[in-house]
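S.K.:
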Amino acid sequence: MTAARVSIQTPDFDLSAEIAALRAGDARVGAVCSFVGTVRDRNEGDAVSSMELEHYPGMTEKSIEAIIDKAVERFGIFGARVIHRIGLLQPMDQIVLVAVTSAHRGKSFEACEYIMDYLKSEAPFWKKEQTEQGARWVDARVSDEQALQRWAC
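Per the working numbering, numbering of the sequence shown is gapless, rising by one per residue and ending at 243.
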């Protein structure tokens with residue numbers, strides 16, 4: 091049985107364990123690239139005391155699986171692992187992991203960035219921040235949309 095490529099979960103994750111599992115037993119791997127996103131204590135100039143994330147179960151996993159399939163095809167990566175946390179998170183908490191393996195670093199870097207750009211702009215997550223002014227929903231940034239556009243062919 092192969093390891094899951096996508097996990098949407100409430101508990102935190104262990105970066106070292108995830109990377110070890112992703113590359114385990116695959117002697118072709120010459121590069122591993124990972125990105126870990128964390129909850130910031132500020133957004134749009136306001137202090138953020140917490141962030142709550144929701145998703146559409148089933149649809150979220152399916153959409154992330156599809157982007158991993160595209161990354162495998164486009165960049166020739168060997169493996170990928172995406173973990174996205176949901177629920178109530180605090181500043182400095184880990185929120186997302188994207189990790190990929192390939193033969194060479196260039197393809198790993200590109201694929202990791204490709205997957206992350208998709209997650210920021212297209213994945214069905216809803217984020218609500220708590221600030222001193224009250225709760226507010228967070229939309230994708232214009233810069234995130236622009237980053238995604240560079241992958242369009």
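Using N, Cα and C, we set each Cβ at its ideal position, and we do this for glycine too.
What you are looking at is a predicted structure, and each value in this text was computed from that prediction instead of being measured.
1. Leaving out five residues before and five after ARG195 in sequence, what residues of the same chain have Cβ atoms less than 6 Å from its Cβ?
2. Taking contact to mean 3 or more Cβ pairs, one atom from each stretch, closer than 8 Å, check whether the region 138-152 and the region 105-112 are in contact.
3. Start and end of the beta strand (DSSP E) containing ARG175?
4. Is it right to say GLY166 is buried, meaning 16 or more other beta carbons lie within 10 angstroms of its own, or is it exposed?
5. Using the Cβ count rule (16 or more neighbours within 10 Å means buried), how would you classify GLU257?
6. Sort ILE154, ALA93, ASP183, ALA117 by Cα distance to TYR204 and report the nearest one.
7. Rounded to the nearest angstrom, how far is the Cβ of LEU209 from that of VAL129, given a contact under 8 Å?
8. Grab me the residues of ASP64's own chain with a C-beta within less than 7 Å of its C-beta, minus the 5 sequence neighbours each way, in chain order.
9. Grouping DSSP H, G and I as helix and E and B as strand, with all else coil, what is PHE125?
10. Taking the continuous alpha helix (DSSP H) assigned at GLY196, which residues delimit it?
11. Compute the beta-carbon to beta-carbon distance between CYS202 and PHE125, rounded to the nearest angstrom, for a pair I have assumed lies under 8 Å.
M.R.: Judging by the given coordinates:
1. Counting only Cβ-Cβ distances below 6 Å, and skipping sequence neighbours, we find ALA121.
2. no
3. Counting along the chain, the unbroken beta strand (DSSP E) around ARG175 starts and ends at 169-175.
4. exposed
5. Nothing can be reported for residue 257: it is not among the residues displayed for the chain, which extend from 91 to 243.
6. Ranking the options by Cα distance to TYR204, first place goes to ILE154.
7. Incorrect: roughly 15 Å between the Cβ atoms, too far for contact.
8. Because the chain is modelled from 91 through 243, residue 64 falls outside the range shown and cannot be assessed.
9. strand
10. 195-211
11. 5 Å
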